[in-house]
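Peer 1:
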Amino acid sequence: MLNQSIIKAALLGLKSNKIDKTIFYPNVQNYLSDASDASDELLFLNGLSLSFQYFNAGKELMKIEKLGSQVPICPEEELSVVDAPWIRALSTISKGDFLSLNYYSFLRILAEKVLAQHRIFPADKMIKVLTALQEVRSKERRRLGFKRFYKTFADRKLYQSFEELEAVVVASFGVSGSWIYKMMNGSDEVDLDELNAKERLVVFKEYWFSNKQKSISFLVGFYEHETPTNQKKILSIIGQTLTMDDKDVYSFFESFFENNSGKRIDILRRYFETVKLFAGLQYTHNQLVESVFEKIWARKGLLKKSLELLPAEQLEPILAPLSFLEMDSFVDEDGLQGLDLKLFFLLQIVPVERATQLLNVKLEKYIKTISEIKSLEKNKSFDLLRALLRNVLKNKNKKIALAILAQSKKSNGSYVELLLLFSDLEIYNFLEKNFAIIDNSELDVFEILVKELNCQETWPKKLTRLMLNRLLTHQHFYSYADRRNQALWLGGPFYHKDVMQIVDQLINLDEHKGAWKTDEIQSTIQNIDIAKSAFNNALNQ
Amino acid sequence: MNQFTEEQVQDLAPDAASVKAALKVYGKANWEVFKSERAVWSSIKGSGSKPYLVRIDLSNTAFKCSCPSRKFPCKHGLSLAFYLARNEMDSITVAPEPIWVEEWIDKRVAKVAKTASKPKKVVSPEKVKKKSDDKWKDAVVNILHLELWLKDFVNNGLIDLSAKSTVFFDNLIRRMVDFKMPGINTFLRTIQNVNYGQSGWEHKVLEQVHLLHLLVNSIKSHERLDPDYKKELELLLGWNIKKDELLLNPDTEIVDDVWKILSVIRKEEEGLTSRKTYLYGVTTNRFAYFLDFSFRGAGFSETYVKGRKMQAKLAMYPGVHKNRAVLKIKGSDTNAEFNLKPLSFKDANAQYLERRIKFPFTFDWLGLVASAKIAHHDDKIYLVNENDEILHCFEMSTERFLSVLAITKGHWFDAFVVMNEQGVRLLAIYFNNKIYSL
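Top to bottom, those sequences are chains A and B.
Using numbering that gives the first Met the number 0, you'd call the opening residue of the first sequence number 0 and step up by one each time.
Using numbering that gives the first Met the number 0, you'd call the opening residue of the second sequence number 0 and step up by one each time.
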């Protein structure tokens, strides 16, 4: 670069400033000395040109230490294109509850690239990729991630069909895709400024559950500027696992509430108190909490005989032991706020056996009463039985699970997820004994057993037969759509030709008959009998 | 195997709107495509009563369509090319060439043969010399205006430069056009358009002043200049050599080689599209580029498909660099072995600097650098070698960066580059015995 003296001389001009050749580099001066009789302008212009030449001649290559080693060689692909972590990533994205924007934007770039030119990932590998991802896709295709993602590119109309586009996008995954991603980003750091509110929330959730320090930095940097909805949702996320040890979180919010005010902040403050309450309860899961729980349960003060809330003045003394949890926050003109929430929480955290022991009631009575408690707050309703269900799932108590299921067998059967605690065989035995649950539960049992338990592989044939049998003998019970869905779910796990034939027959029957006519019942029954025997034969083979 | 990639088709389009229109045609057309050894053709329903007859010359890429569009290639031609990019050649039905295809191809073949066998009309060397001498004689006189202006410029200093009206430069710029030295205006306009808000503007202005000073001196002492230097200076002053003149001049250097088309860079400005096609002679190791222009989508007379190789004789412009060329005879697209001689970063840099010192008006140096990786650092993209020496890749999009990463996967590769003040522009890479155009 030119030195400051040359630039200064050039700025001021030579008219009123005599040129001094010492402004040039010493080597340049030597050349200039030969032309000492030249005019000032010429001396300057020559000096300038020589300086540039001198400067250009000495230009050396720049270095960045260890930059070369930051580009490792991409690992060889184990599968042709797709590797397991990326299938998992894709699966996670497609579930919609983890919308990692890093993956998202990476996908976008790759997809655009692939759309523009078939270079990175050759077209002939796409079919393999599609096959590998078929399973993931078929389960999750209706979910948020895929839908949103595809739409963007479908608009481009560069491909004739959705499927083609999907194949291209999917083909973008693989070891090399993952490697390129790392090369581009260096790390998984997310630029929060680039994200929208929903995406920021996802990022915060990731931080909160995986890296507390990052989540604190997030709070410090962004919480104040977050949207009101996000502010509330962040508190809700924190509330899921906040403990008394999270001092940084407490001190952040203390200072946040100290430095901010207004109606919106008051709402947040109250919300935070709830969160703190939960944390406190979890932390001090002790006699005190249990005694209050006992009082609530024994209706000693909180509830009337009708299981409705008592007036506030009668409640206060009872709640005094909970004063450390700043119960004031929950009292307003209309009475107590958040009592349902507290009860809901207590039911979740106090182990059922401990509760029944404390309350001296039998398990069945306990469950029944919980299912009958009326909601205290008009606008919100908490499913208290569901709180109990979570408690049971958390403590993996099969005995209580069975009791709850037995209680709910005549209800809508929405508690069948308790079956998750059982082995396949136990489920089978239970279902055989408690057929009413299946009958009443419409699709839930199937959805849970087939989709959530993922028990296609291990499902006992006997159970399939049982289910199909029910389907065949209770035609009147189901709508056409339900019948078809159930039949397909049943047929689905085995994809057995004969089973599918029966399914076809069922569907045909429904489609053609609409309402069942007397004169057709006989032939239908005959058909069903034929189907039954075909099915039995198929299963017994 | 596909005849084109989609990217190649996009490169062939006269503008972005044509790509869009071609894809629309592609989507709507009821494709019935036929091929022979020499061509591919189809008829496409357009707005007219008769379908348009579209054909592509396969051996020497060219398009023709019966539609009235003034764009070249038209959207129908491009849509057929998209068809070829998305469908394997093997899947296309072989058929006898219809008359409208056969005649067109025959005409093209005959034209190439005619050009090759055309008797050369040699321009008299005396005439050429006389013309050149006259130009230089005028230049020596006229350049004194610039010399005087430069002296005034440094006498008055740069401090008030930003306050000067545009007339200050415009008068001189007009004069240089009158003096038939329009090339000088490139330097003057750089000074005129300098951003005074940007730090280092003084350096930018002084750099142009220094080049103008050297230019004045070179013109004044032109008789003592090396002939190549002088020729290069002529081009710099804007004394362009017409294509025919270059081809007919017996002194013109002709390089016969298999040329790999490394990169095609287009720039659009006020309806004028300039196209710079970079080539690499695989056996001679020579670099060349064509510079041609198209006004308002009228298209270019020749079609160059990035990544293709073609047997051709190039007529090189005289001068120091001897990179700019025009096509003399174009053969078919072909395959040939490479004989690469890449330079280390250090040697490439040294060669560039040496060229710059010898001829300070060297703005671009074309070359092949060895053993590089591509890396991302502080929002900039670099070529890096095993000594961690770097070359900054300017005008490098994320897309291209991704491409290079995807192709090379962290292995070392050789890079075809244009090196200049800003760093390097990556044209193509050589990896696994293959040249990938970017």
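Every residue, glycine too, gets a C-beta built ideally from N, C-alpha and C.
All values derive from a computational prediction rather than experimental measurement.
Just to check my reading of the structure: B/D413 and B/I428 have Cβ atoms closer than 8 angstroms, yes? What is that Cβ distance to the nearest angstrom?
Peer 2: About 7 angstroms; that satisfies the 8 angstroms criterion.
Peer 1: Considering only C-alpha positions, which residue in the set B/K379, B/M418, B/K327, B/P317 is nearest to B/M309?
Peer 2: It is B/K327 whose Cα lies nearest to the Cα of B/M309.
Peer 1: Would the region 248-257 of chain B count as touching the region 300-317 of chain B if we require 3 or more Cβ pairs under 8 angstroms?
Peer 2: Flag = yes, the region 248-257 of chain B and the region 300-317 of chain B touch.
Peer 1: May I ask you to verify whether the region 125-133 of chain B touches the region 161-177 of chain B, counting CB pairs closer than 8 angstroms and requiring at least 3?
Peer 2: As far as the Cβ criterion goes, the region 125-133 of chain B does not touch the region 161-177 of chain B, which means the pair count is below three.
Peer 1: Give me, in chain order, the residues of the same chain whose beta-carbon lies closer than 6 angstroms to that of B/N284; leave out the 5 immediate sequence neighbours on both sides.
Peer 2: Answer for B/N284: K340, listed in chain order.
Peer 1: Between A/E272 and A/K367, what straight-line distance do the alpha-carbon atoms span, to the nearest angstrom?
Peer 2: Each residue's alpha carbon lies about 31 angstroms from the other.
Peer 1: How many angstroms separate the CA atom of A/L384 from the CA atom of A/S370?
Peer 2: One C-alpha to the other measures close to 6 angstroms.
Peer 1: Establish whether the CB of A/N29 and some CB of chain B are separated by less than 7 angstroms.
Peer 2: Taking Cβ atoms only, chain B never reaches closer than 7 angstroms to A/N29, which makes this a no.
Peer 1: If B/G366 sits next to B/Q350, beta carbons under 8 angstroms apart, how far is it from one beta carbon to the other, in whole angstroms?
Peer 2: Indeed they touch by this definition, with Cβ atoms about 7 angstroms apart.
Peer 1: Just to confirm my understanding: we take B/R399, look at its own chain, exclude 5 residues before and 5 after, and list those with CB closer than 6 angstroms. What are they?
Peer 2: Once the five neighbours on either side are set aside, the close Cβ partners of B/R399 are L437.
Peer 1: Going along the chain, which residues of its own chain have a beta-carbon closer than 8 angstroms to the beta-carbon of A/I5, five neighbours each way excluded?
Peer 2: Once the five neighbours on either side are set aside, the close Cβ partners of A/I5 are I22, F23, G46, L47, S50.
Peer 1: Using a 10 Å radius around the Cβ and a threshold of 16 neighbouring Cβ atoms, would you call B/Q9 buried or exposed?
Peer 2: Buried is the call here.
Peer 1: Would you call B/Y440 buried or exposed, if buried means 16 or more other Cβ atoms sit within 10 Å of its Cβ?
Peer 2: A query on residue 440 of chain B cannot be resolved here, the shown segment of chain B reaching from 0 to 437 and no further.
Peer 1: Could you check where the beta strand (DSSP E) with B/L367 kicks off and where it finishes?
Peer 2: Segment 364-376, the beta strand (DSSP E) holding B/L367.
Peer 1: Please tell me whether A/Q69 and B/A374 are closer than 7 angstroms, where the distance is taken between their beta carbons.
Peer 2: In this structure, B/A374 lies closer than 7 angstroms to A/Q69 by Cβ.
Peer 1: Compute the Euclidean distance between the alpha carbons of A/L362 and A/L417, then round it to the nearest angstrom.
Peer 2: One C-alpha to the other measures close to 16 angstroms.
Peer 1: In chain order, which continuous runs of the alpha helix (DSSP H) of length 4 or greater are located wholly inside the region 103-182 of chain B?
Peer 2: Runs of the alpha helix (DSSP H) inside the region 103-182 of chain B: 124-155, 166-177.
Peer 1: Leaving out the 5 sequence neighbours to the left and right, which residues in its chain are closer than 6 angstroms to A/L42 when beta-carbon positions are compared?
Peer 2: So the qualifying residues of the chain are I18.
Peer 1: Under a CB-based cut-off of 7 angstroms, is A/G67 close to chain D?
Peer 2: Going by chain labels, chain D is absent from the structure shown, which instead holds the protein chains A and B.
Peer 1: How big is the Cα-Cα spacing for B/M88 and B/W40?
Peer 2: One C-alpha to the other measures close to 12 angstroms.
Peer 1: Using C-beta distances below 8 angstroms, list every residue in its chain close to B/N432, excluding the 5 sequence neighbours before and after it, in chain order.
Peer 2: F337.
Peer 1: Just confirm the distance between the C-beta atoms of B/V325 and B/K242, as a whole number of angstroms; I'd bet it's less than 8 angstroms.
Peer 2: Yes, they are in contact, since the Cβ atoms of B/V325 and B/K242 sit about 5 angstroms apart, within 8 angstroms.
Peer 1: Let me confirm a value: B/F286 is counted as buried when at least 16 other C-beta atoms fall within 10 Å, else exposed. Which label applies?
Peer 2: Buried is the call here.
Peer 1: Mark B/T92 as exposed unless 16 or more other C-beta atoms lie within 10 angstroms of its C-beta, in which case mark it buried.
Peer 2: So B/T92 counts as exposed.
Peer 1: Which residue marks the beginning of the alpha helix (DSSP H) containing A/F255, and which one marks its end?
Peer 2: 246-258 is the extent of the alpha helix (DSSP H) around A/F255.
Peer 1: Can you list, in chain order, the residues of its chain whose CB lies under 8 angstroms from that of B/V108, leaving out five sequence neighbours each side?
Peer 2: For B/V108, where only same-chain residues beyond five positions count, there are no Cβ hits under 8 angstroms.
Peer 1: Can you pull the DSSP bridge partners for B/N419?
Peer 2: In the DSSP output, where bridge partners are listed per residue, B/N419 has B/G422.
Peer 1: For A/L241, is the classification buried or exposed, using 16 other Cβ atoms within 10 angstroms of its Cβ as the cut-off for buried?
Peer 2: So A/L241 counts as buried.
Peer 1: Whole angstroms is fine: what's the gap from B/K408's alpha carbon to B/E420's?
Peer 2: Straight-line Cα distance between these residues: approximately 29 angstroms.
Peer 1: Using a Cβ-Cβ cutoff of less than 7 angstroms, which residues in the same chain neighbour B/K219 once the five nearest sequence positions on both sides are dropped?
Peer 2: Correct list, in chain order: V139, I142.
Peer 1: Cα separation between A/K393 and A/K213?
Peer 2: Roughly 28 angstroms separates the two Cα atoms.
Peer 1: My output table needs one value for B/L342: the three-state DSSP class, helix, strand or coil.
Peer 2: Of the three classes helix, strand and coil, the one that applies to B/L342 here is strand, per DSSP.
Peer 1: Any idea what DSSP makes of B/H391, helix, strand or coil?
Peer 2: The answer is strand: DSSP assigns B/H391 an E or B state.
Peer 1: Classify A/F323 as helix, strand or coil using the three-state DSSP reduction.
Peer 2: Residue placement at A/F323 cannot be trusted, given a pLDDT of 39 that sits under 50; what the coordinates show is reported in the next sentence. Helix, per DSSP.
Peer 1: Measuring only the C-alpha atoms, how far is B/K136 from B/I356?
Peer 2: In a straight line, the C-alpha of B/K136 is about 27 angstroms away from that of B/I356.
Peer 1: Hey, B/L234 and B/G318 are a contact pair by Cβ (cut 8 angstroms); roughly how many whole angstroms apart?
Peer 2: Sure, about 6 angstroms apart at Cβ, within 8 angstroms.
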